[in-house]
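See below for the structure under consideration.
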Amino acid sequence: MGNPKTLSWNAVQSINRRPRYLDQQWAKEDPNIGKGNVYEQTLAALHVLADSYGNNGYLDAVNVKYVLTSCGEEMSDDEFDEALRRVGQSSKGLFGAKRMLDAYAALSYKVGRKDAQMNYAPTKQVLDKSTRLGAAAAGPQPAAADSRRGSCYIGGDIPSQQMDHDPSEHDGSEH
Numbered sequence: 005m006g007n008p009k010t011l012s013w014n015a016v017q018s019i020n021r022r023p024r025y026l027d028q029q030w031a032k033e034d035p036n037i038g039k040g041n042v043y044e045q046t047l048a049a050l051h052v053l054a055d056s057y058g059n060n061g062y063l064d065a066v067n068v069k070y071v072l073t074s075c076g077e078e079m080s081d082d083e084f085d086e087a088l089r090r091v092g093q094s095s096k097g098l099f100g101a102k103r104m105l106d107a108y109a110a111l112s113y114k115v116g117r118k119d120a121q122m123n124y125a126p127t128k129q130v131l132d133k134s135t136r137l138g139a140a141a142a143g144p145q146p147a148a149a150d151s152r153r154g155s156c157y158i159g160g161d162i163p164s165q166q167m168d169h170d171p172s173e174h175d176g177s178e179h
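Here the sequence shown is numbered in the working numbering, starting from 5 and rising by one per residue.
The following block contains the structure:
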């Protein structure tokens with residue numbers, strides 16, 4: 005294909021039919037993760053981070069920032085802070101995966117991904133139903149030994165006593 009200024013529709017379709025690297029890698033890790041489902045893949049990646057950097061299954065926003073600004077296709081500190089600001093997430097305290105994924109699905113739909121809500125629905129159900137993903141109100145937390153892959157507190161609403169900031173500080177508007 006070289007380096008054309010435009011791509012034909014056939015070229016785009018050909019590119020989209022190629023096996024996706026992340027799909028192949030996640031299939032090795034967990035065959036239940038849907039091919040091309042960025043929401044399931046993101047949640048699975050956050051489980052890996054919680055296993056590596058979490059504290060009793062909770063992920064601190066500072067740890068997420070460290071990974072995303074120092075590994076792979078690195079984000080700058082400013083890019084990370086702006087991304088958190090846009091979804092109403094503090095850069096300090098616990099990281100709310102559900103908040104981020106809700107915002108990502110809404111933005112995907114807004115820019116034309118009509119399948120965004122359908123693709124997000126299974127992941128959203130997991131986040132909404134699971135007390136193990138932080139969706140339940142604050143209560144006794146299991147010991148660190150109970151934290152294991154696929155069962156961490158990274159989604160849902162963060163219990164208010166666990167937050168370092170007032171969630172009402174964010175008005176939801178885009179600046």
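Even glycine gets a Cβ: it sits at the ideal position worked out from N, Cα and C.
Let me check understanding here. Comparing Cα to Cα, which of 114, 108, 65 lies closest to residue 91? Comparing Cα positions, the closest option is 108.
Count the other CB atoms, across all protein chains shown, that sit within 10 Å of the CB of residue 44; report buried if there are 16 or more and exposed otherwise. With at least 16 other beta carbons inside 10 angstroms of its own, residue 44 counts as buried.
CA-CA distance, residue 10 and residue 113? C-alpha separation (whole angstroms): 25 Å.
Exposure of residue 37, with buried meaning 16 or more beta-carbon neighbours within 10 Å: Under this definition residue 37 is a buried residue.
Can you tell me which of the three DSSP states residue 106 falls into? Looking at residue 106 - three-state DSSP - the assignment turns out to be helix.
Can you tell me which of 13, 12, 87 puts its alpha carbon nearest to the alpha carbon of residue 105? For the options 13, 12, 87, the alpha carbon positioned closest to that of residue 105 is the one of 87.
DSSP has residue 62 in a bridge; who is on the other side? Residue 62 is bridged by DSSP to 59.
Under 8 Å between C-beta atoms of residue 127 and residue 63: Against a cut-off of 8 Å, the Cβ pair of residue 63 and residue 127 comes out as no contact.
Taking Cβ positions, are residue 40 and residue 24 nearer each other than 8 Å? Their beta carbons are under 8 Å apart, which means residue 40 touches residue 24 by this criterion.
Taking the beta carbon of residue 116 as the centre, do at least 16 other beta carbons fall within 10 Å, making it buried, or is it exposed? It counts as exposed.
Does the beta carbon of residue 103 come closer than 8 Å to any beta carbon on chain B? Chain labels in this structure do not include chain B; a single protein chain is all it has.
C-alpha distance - residue 68 paired with residue 103, whole-angstrom precision: Each residue's alpha carbon lies about 14 Å from the other.
Are the beta-carbon atoms of residue 99 and residue 93 separated by less than 8 Å? A contact, by the Cβ cut-off of 8 Å.
Rounded straight-line distance, which links the Cα of residue 30 to that of residue 97: Straight-line Cα distance between these residues: approximately 29 Å.
Taking the beta carbon of residue 130 as the centre, do at least 16 other beta carbons fall within 10 Å, making it buried, or is it exposed? The C-beta of residue 130 has 16 or more other C-beta atoms within 10 Å across all chains shown, which makes the residue buried.
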